[in-house]
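Data first, discussion second: the structure below is written as structure tokens.
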Amino acid sequence: MAAESSEGPRESQAPSDRPAVVRPSSDITELSRHFLGRRSVSAIAVTGLFVLGLVAFFYFAKPFLMPVVLALLLSFLLKPVVNALCRAGVRRPVGAAIVLIFFIGLISTGLYRLNEPAKEWLSKAPESVRAIEIRGREMVNRVERFVKRVRGVEEEPDERTDEEVRKADEKRLAWLEKMVSVGAILGYTAGFLAGSLETLVLLFFLLASGDLLLQKLVHVLPKMHEKKEVVEIAREVEHNISTFLFTITIVNTCVALVVATTMLALGMPNPVLWGVIAGLLNFIPYFGPLSVVLVLVLAGFLSFESTLRALLPATVYFGIHAVESNLVTPTVLGRRLTLSPVVIFVSLMFWTWLWGMPGALLAVPLLMTFKIFCDHFKPLAPIGEFLNG
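If you want it as structure tokens, here you go:
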């Protein structure tokens with residue numbers, strides 16, 4: 009009774025006038041404890057130096073890392089096919105060789121078929137750019153004349169002679185031809201061929217070895233929980249990346265077929281070329297579709313005299329891409345790609361700056377892999393939550 013009576017007044021005491029303390033969420037608390045501990049300055053400094061060193065390593069090790077990463081991602085895409093052949097009774101090295109030969113043959117056939125149309129279009133691209141420039145200049149001149157009439161200002165005659173105008177046009181045309189030729193040559197350099205060969209050889213070994221590397225890694229780990237965690241992370245990365253790449257490949261193939269059919273209906277020359285370009289560049293978020301729009305604008309002005317008809321192919325493609333990106337792809341992928349659009353765009357900018365066009369292709373798979381690692385390691389869990397869409 010005494011204890012109860014003594015506790016009663018304590019419970020009935022008036023609340024304090026001090027404001028209630030608002031506790032931050034657990035993720036923010038954990039992140040602050042991790043980065044703002046007793047040795048916060050030194051920890052942040054060491055982390056910053058590590059990140060800068062890692063970025064420098066990625067930049068200078070590009071000739072080595074890029075074929076390795078590309079081979080790993082292609083192995084995730086092609087491994088289910090090799091596994092299916094193994095279940096059918098084919099030995100894994102033989103199945104890997106069959107899949108790789110078919111893959112190389114498919115790419116080689118596509119390049120051979122599209123070689124002539126691409127050369128023809130590239131040879132006419134400077135002319136198309138010049139036509140766009142002339143039409144744009146005419147529209148600007150019309151607007152300027154209209155504004156001068158409204159203001160009551162007399163037009164000033166063009167003091168340049170025809171020879172000066174011709175020389176200026178020839179100078180711009182020579183610069184455009186130089187840019188097109190440089191862009192065409194860069195794709196056939198010795199470094200590109202060497203990197204492709206390294207990627208294909210490493211891809212064969214990865215497909216032929218199967219899970220051998222993972223088994224060896226698990227075998228050397230001392231603790232059982234570490235072995236289970238490594239296997240779980242490896243399986244999740246392989247499953248998610250493989251599903252994502254396979255699904256995106258199917259979607260982009262359908263986009264290529266639809267664009268090629270649409271360009272054929274619109275009367276565009278070489279519709280298969282535009283379909284392949286649209287399907288390939290669709291692997292690059294944001295920048296890829298924008299590049300296709302610009303290319304189709306050039307091709308439209310090169311193919312048609314009317315301005316409205318010249319802009320129609322790019323407009324139709326933009327509508328196809330809008331349906332695909334906002335309806336088809338989210339429905340097919342579901343929650344497999346739970347990444348923030350802002351994070352995807354920043355990752356795309358970073359990897360494009362670091363590795364160029366191959367980096368743009370690898371940006372989303374690398375970001376997905378990083379998120380999976382963050383989800384499995386408790387100190388990095390807040391970062392994984394930040395990456396969520």
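Residues 9 to 397 (my numbering) make up the sequence shown, in order.
Positions of the beta carbon are idealized from the N, C-alpha and C atoms, including for glycine.
Using a Cβ-Cβ cutoff of less than 8 Å, which residues in the same chain neighbour residue i once the five nearest sequence positions on both sides are dropped?
| i | result |
| --- | --- |
| S250 | F84, L85, K87, P88 |
| V280 | R121, L122, P125, A268 |
Residue i and residue j: beta carbons closer than 8 Å?
| i | j | result |
| --- | --- | --- |
| V301 | A273 | no |
| A216 | P101 | yes |
| A318 | F326 | no |
| E8 | I380 | No statement about residue 8 is possible, as the shown extent of the chain runs from 9 to 397 and does not include it. |
| T270 | I328 | yes |
| L347 | L388 | no |
| V259 | V331 | no |
| W363 | K70 | yes |
| A79 | L288 | no |
| H384 | E237 | yes |
In terms of alpha-carbon separation, which member of the options lies closest to residue i?
| i | options | result |
| --- | --- | --- |
| Y294 | L388, A105, I352, F252 | I352 |
| A333 | N248, T377, C262, F213 | It is worth fixing the name first, because residue 333 is Ser in this sequence and not Ala. Checked all of N248, T377, C262, F213; the closest Cα to S333 is C262. |
| L81 | G118, L62, F65, A242 | A242 |
| S1 | L73, I285, L93 | In this structure the chain extends from 9 to 397, so residue 1 is not present and cannot be described. |
| P366 | G56, V77, F58 | V77 |
| E128 | N248, N278, K235 | N278 |
| V239 | V59, L222, F254 | L222 |
Counting C-beta neighbours from all protein chains within 10 Å, is the total for residue i 16 or more, i.e. buried, or is it exposed?
| i | result |
| --- | --- |
| I292 | buried |
| I256 | buried |
| V209 | exposed |
| F252 | buried |
| N123 | exposed |
| I285 | buried |
| L369 | buried |
| V303 | buried |
| C92 | It is worth fixing the name first, because residue 92 is Ala in this sequence and not Cys. A92 is exposed by the Cβ-count criterion. |
| L298 | exposed |
| V305 | buried |
| L62 | exposed |
Can you grab the Cα-Cα spacing for the pair residue i / residue j, in whole Å?
| i | j | result |
| --- | --- | --- |
| A398 | M276 | Because residue 398 is not part of the residues shown, which for the chain are 9 to 397, the question remains open. |
| L356 | A371 | 5 Å |
| Y67 | F358 | 11 Å |
| S311 | V324 | 16 Å |
| G218 | R95 | 13 Å |
| A53 | V350 | 26 Å |
| L316 | A202 | 45 Å |
Got a sec? Which residues, its chain only, sit under 6 Å from residue i by beta carbon, not counting five neighbours each side?
| i | result |
| --- | --- |
| G283 | A264, V267, A268 |
| V90 | G103, A104, V107, L215 |
| G296 | L289, N290 |
| T337 | V259 |
Under the criterion of a Cβ to heavy atom distance below 7 Å, does residue i qualify as lining the ligand MN?
| i | result |
| --- | --- |
| L298 | With respect to the ligand MN, the structure shown offers nothing to examine, as it has no ligands at all. |
Using beta carbons (cut-off 8 Å, strictly below), is residue i in contact with chain D?
| i | result |
| --- | --- |
| A389 | In the structure shown, chain D cannot be found, because there is only a single protein chain. |
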